[in-house]
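Chains as they are written, first to last, in my numbering: chain A, 1 to 602; chain B, 1 to 602.
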């Protein structure tokens, strides 16, 4: 970063506070409860003032060109919501995680959490008592869906418009710090989902302040951010300072960059590369392991290749292909992007290589898609059987638990957790939560509310025979998405939960499963829908066997010289399965319909 | 390339002809002089027919959805101009260049030629008699400004709208073949300037045929081409087939890709990378050396890094920074992008490293610019002291010869031709041509003519005190730009020409100058505006010395252990300079104002 300015209000000793706003060609006045103070022009279009008698907790607004008072777009806290005054926030917090150094990438097993629906209260503080449960399930990390201030109290988080302010209804910055500290106390890393590709449609006070946006590109969500035109150094610094704030002031361990494919940036040094470099440097400075993980639908290996291979140097990248092929194998669905997927061969490719589409023609996309991920480690792909998007972008927000049978759910868990990618489960997936995750908002602008409703109806026009999608603005749509942990009292849910724990214990304790960089051999039978995955070598190797057909199946390993001992079979009675015959002779393996087995060399 | 279809009309034996058009959701009829034939739907939105009794030379049009007859956007010839009927062109030509294998990159010394103004006739055939002169000057290559069919008869070529058709007023495809053959006969390589970032504003018959364009991005010249969305495989194939046509059917040796920075493409495998790969493969197949050279203002080394370094694998890239710093050193101009430049240190960087801007803040661009070209060879940068753009984008299209003195012109020639980049001279620059190169068009659409006039006036509004820019549509504006070779009878022009020849002979004959990959050492004196460049090592090394000040200057080489013998001094009387004292003692070199010297180790 080149700027020596800091976006927003920074408290200094002695109740001084520095206010800095990048607003070339604008006059900015700072409106305090008792005073109005003009910010002074500084270099490159910055406006600044150091003001006395502004203790932490002071509320303030900005007046642009003599207009009405508005919140600071770099506000650290919006105690009264997105449109209200901003509040000066300090960086002092009684952290108890001094010994915490973060977790290496291969250790991550992630639970994706939406704070608003994770508990009935929908706050960070209410979430804390459930962290022990996540640890017991085998999770090592929590991915928190975006917490930047959004309009109202109900939102997935992708409509955030004050990127530095933690949502007031979740508990604000203090609440988030307590949450992160509690995670670290329990050995859980915190991944934060951050949105650097657009700002929400309501309450975006960056408009008109400076060239934050560009008309050169369009995103699905409106004007693109200006990451490569005039003024882009400051636009980049806004988001890079944001990223560093989470790492430094909130002790976050990793950032999940939302939809980097929607960041159009043709600069010789792309924003995302610069961001990753700055975050890495900050981690080194702090002596902590931090990661940058990209959600991207480009299947572009450059994102995670190192700089000397021409890459952008991110740590890991979303692998939607894994999800899509697994979903199709389990559900048989063929609509939308699922049309491109099917067959255990694709699942083998997703496990072994990462991307399935490495340049092949995609019918859904109407073009060739992706590039070969040569040089990218199997452990650099984030994989899932479901996530907020895959669930929530269905008309009724159905989870897999309501789409497929119990044996298939256990098979899905095995395929996910025994694969070398970084597994992510959507909150409650570990016990087969059935609450939907529907699209919900609480916008304040009636026109926008109507536009969102209309957009949602149009998106699902092809599914009209199923009914209308739920009303996103309706409180009930939000409430319906809350987790129902009483399901854990139901035997099948408990059994699935127990299987998840057992799979995660195996993933942790068996060297070949714990190490994503080991050898991977796959054996595909497309006719019988079976897949064998051997990982590691010699005495440390494991076999994962999958039957994605509704018939019993046999797998005869080719050239498997090992003798094996079974670790688990998802069809066992202990997880309420139909049971399997005792297998003594290991020249062939028998699998029940929709089941998986794990074997270790003996 | 994935398609097995060929855009346009391909003659087959026996007066058969295959017509193929990519036009999903359109009905296409082929209109022949004596018949109208519907094209049949084929895979992925193609329309095709193989038609008999269509000998080479047959004229045809296409009717889209029953509309009026239009030219084929992939027409190979528009004998009556851009809006007239298309003509079937054969690939048979009596080539005499069977022994020609192309030239390696370090051998290229390029004369950039605009066919319309290179001669009074403005045709390929009229240009041929001047090729011997180019050879005698020391050129090894001709770069032909775009020849794709444009509206009317006067255009720089960047308004071409039928990319496969050679401009009829230049002599059409047959004329271009004669020209290339004549070049090869004389050992001259042919570089063709091709425009793959937009289509001209008049006569673009691709609109509405298929998703060739996208609204996701904007270019300075209108809608962007769709190189990464649905259907982009076919859009890419249109331009890649175009590139391969020039290489294969016209024996072109290199392509200069116009303004690749205006090609926005976020695919994992970018179009430009695919294009370069296909051209390289075609060259191998043909057993010829071919090159792809990008004009780009991104200062992005990835363009020319190899694939295993994450690069796009092009051969060379424009280095505007070299031009800009040289121009500022010579003229002292500071307007527009020249504000970022000045100082011999920048020239040293441009010679030694390539880009001057490798991430520094650019005042003109309002952002940091470029990335370090680590791993890019000094010989992969195309450099110039002027080109059609740098001349033509001035209000009156003035060449350096009318802006700076004679000594400065000779200094410019030395700085250009003794540097390791691939030198490009704008036609006539070798003898100090004084004809301007002004912006000219001959659009047929009166509204467009007026818009171009207005755009031109607005572009130069800041220079109003100098007068109005010439009227682009006026024939006189075009005629004024024709070369005036009688200048060669004037002693100063003859002297400059002789110096150019001598410099190019030295560049060819001295090993350290011929090899761009050798060691380069520079010694900068910003106070005195002098620069020393030592190239090569030991007995093969050379010293180039430059004085960019209006005072006599001394350069004392640091640690130069060699004894040197002088090759030339631009201030010598033989090139009508003021002369210099005989230099015997070589611990220090004396340079006259605005002069250069070349020395070789002895």
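Virtual Cβ for every residue (Gly too), placed ideally from N, Cα, C.
Does DSSP put residue i in a helix, in a strand, or in coil?
i	result
residue 135(A)	helix
residue 326(B)	helix
residue 491(B)	helix
residue 167(A)	coil
residue 272(A)	helix
residue 390(B)	helix
residue 557(B)	coil
residue 240(B)	helix
residue 100(B)	coil
residue 277(B)	helix
residue 251(B)	coil
residue 566(B)	strand
residue 589(B)	strand
residue 443(A)	coil
For residue i and chain B, any beta-carbon pair shorter than 8 Å?
i	result
residue 230(A)	yes
residue 264(A)	yes
residue 222(A)	no
residue 531(A)	no
residue 305(A)	yes
Any C-beta of chain A sitting closer than 8 Å to the C-beta of residue i?
i	result
residue 371(B)	yes
residue 485(B)	no
residue 324(B)	no
residue 215(B)	yes
residue 280(B)	no
residue 244(B)	no
Measuring straight from C-alpha to C-alpha, what distance separates residue i and residue j?
i	j	result
residue 492(B)	residue 401(B)	11 Å
residue 282(B)	residue 594(B)	46 Å
residue 50(A)	residue 349(B)	41 Å
residue 252(B)	residue 125(B)	17 Å
residue 328(B)	residue 115(B)	29 Å
residue 32(A)	residue 209(A)	20 Å
residue 306(A)	residue 270(A)	14 Å
residue 382(B)	residue 487(B)	28 Å
residue 489(B)	residue 241(B)	45 Å
residue 231(A)	residue 280(A)	24 Å
residue 82(A)	residue 207(A)	15 Å
residue 191(B)	residue 368(B)	32 Å
List, in chain order, every chain A residue whose beta-carbon is nearer than 9 Å to that of residue i.
i	result
residue 112(B)	Within chain A, no residue comes near residue 112(B); the closest Cβ sits about 25 Å away, beyond 9 Å.
Could you check if residue i is buried or exposed, using at least 16 other CB atoms within 10 Å of its CB as the buried criterion?
i	result
residue 331(B)	exposed
residue 184(B)	buried
residue 274(A)	buried
residue 4(A)	exposed
residue 473(B)	buried
residue 95(B)	exposed
residue 104(B)	exposed
residue 12(B)	exposed
residue 370(B)	buried
Under 7 Å between beta-carbons, which chain B residues line up against residue i? List them in chain order, please.
i	result
residue 365(A)	230
residue 302(A)	310
Under 7 Å from any heavy atom of the ligand SAM, does the C-beta of residue i make it?
i	result
residue 336(A)	Because no ligand of any kind appears in the structure shown, any question about the ligand SAM cannot be addressed here.
Give me the chain A residues within the contact set of residue i, using Cβ-Cβ distance strictly less than 8 Å, ordered along the chain.
i	result
residue 377(B)	Within 8 Å Cβ-Cβ: nothing; residue 377(B) doesn't reach chain A, min ~16 Å.
residue 606(B)	This structure leaves residue 606(B) out entirely; chain B is present only between 1 and 602.
residue 47(B)	In chain order: nothing, as chain A lies at least about 17 Å away.
residue 26(B)	Correct list: empty, because the minimum Cβ distance to chain A is about 16 Å.
What does residue i reach in chain A if we use C-beta pairs closer than 7 Å?
i	result
residue 43(B)	What residue 43(B) touches in chain A: nothing, since even the nearest Cβ is about 11 Å away.
- request: Please name the residues in the segment 350-361 of chain B whose beta-carbon is closer than 8 Å to at least one beta-carbon of chain E, in chain order.
  value: Of the protein chains in the structure, A and B, none is chain E.
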